[in-house]
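**Student:** What follows is a single structure, and I will ask about it in a moment.
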Ligand code: SF4
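Written out as structure tokens, the structure reads:
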């Protein structure tokens, strides 16, 4: 663990870099449900997710790579009415570890 002086100003990206993730390989805790064209809510997640987990693929569909997810719940709230995703917390012991940031 690196030492960070309390008076040093840090950018958000630098703070996010302090987090650690334990990836549950093959068992993503968030899934995008199959779709032809994404809803506005789902499409907005390509801009709203603070961890950049959502991307638009070459077929115009939204995909997620949940490995760096911070479990903020934004996508869960934004897509609550459209039902575009399945959202669960990672299994115990997996996911983000905030004790470094
Ligand atoms: Fe991104 Fe937050 Fe959704 Fe995780 S919970 S995928 S960080 S918006």
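Residue numbers (our numbering): 844 to 944.
Positions of the beta carbon are idealized from the N, C-alpha and C atoms, including for glycine.
State the Cα-Cα distance for the pair residue 918 and residue 869, rounded to the nearest angstrom.
**Tutor:** Working through the chain shown from its first residue, we reach residue 918 at position 75. Working through the chain shown from its first residue, we reach residue 869 at position 26. Whole-angstrom Cα-Cα distance: 21 Å.
**Student:** Roughly how many angstroms lie between the CA atoms of residue 902 and residue 865, to the nearest whole one?
**Tutor:** Position 59 of the chain shown, counted from the start, is the residue given in the question as residue 902. Position 22 of the chain shown, counted from the start, is the residue given in the question as residue 865. Going by the C-alpha atoms only, they are around 30 Å apart.
**Student:** Buried or exposed: which applies to residue 916, given that a residue is buried once 16 or more other Cβ atoms fall within 10 Å of its Cβ?
**Tutor:** Residue numbering aside, residue 916 sits at position 73 when the chain shown is read from its first letter. Exposed, because fewer than 16 other Cβ atoms sit within 10 Å of the Cβ of residue 916.
**Student:** If residue 875 and residue 889 are in contact, beta carbons under 8 Å, what's the gap, nearest whole angstrom?
**Tutor:** For the purposes of this step, residue 875 is taken as residue 32 along the chain shown, with counting starting at 1. For the purposes of this step, residue 889 is taken as residue 46 along the chain shown, with counting starting at 1. About 11 Å; that fails the 8 Å criterion.
**Student:** Going by C-alpha distance, which of 910, 893 and 897 is nearest residue 886?
**Tutor:** As a first step, residue 886 is located in the chain shown; it is residue number 43 there, counting from the start. Of the candidates 910, 893 and 897, the one whose C-alpha sits nearest the C-alpha of residue 886 is 897.
**Student:** Using only the heavy atoms of the ligand SF4, determine whether one of them is closer than 7 Å to the beta carbon of residue 884.
**Tutor:** By one-based count along the chain shown, residue 884 stands at place 41. Checking every heavy atom of the ligand SF4 against the Cβ of residue 884, none is found closer than 7 Å.
**Student:** If we call anything under 8 Å between Cβ atoms a contact, is residue 913 one with residue 881?
**Tutor:** Taking the first residue of the chain shown as position 1, residue 913 is located at position 70. Taking the first residue of the chain shown as position 1, residue 881 is located at position 38. For residue 913 and residue 881, no; Cβs fall outside 8 Å.
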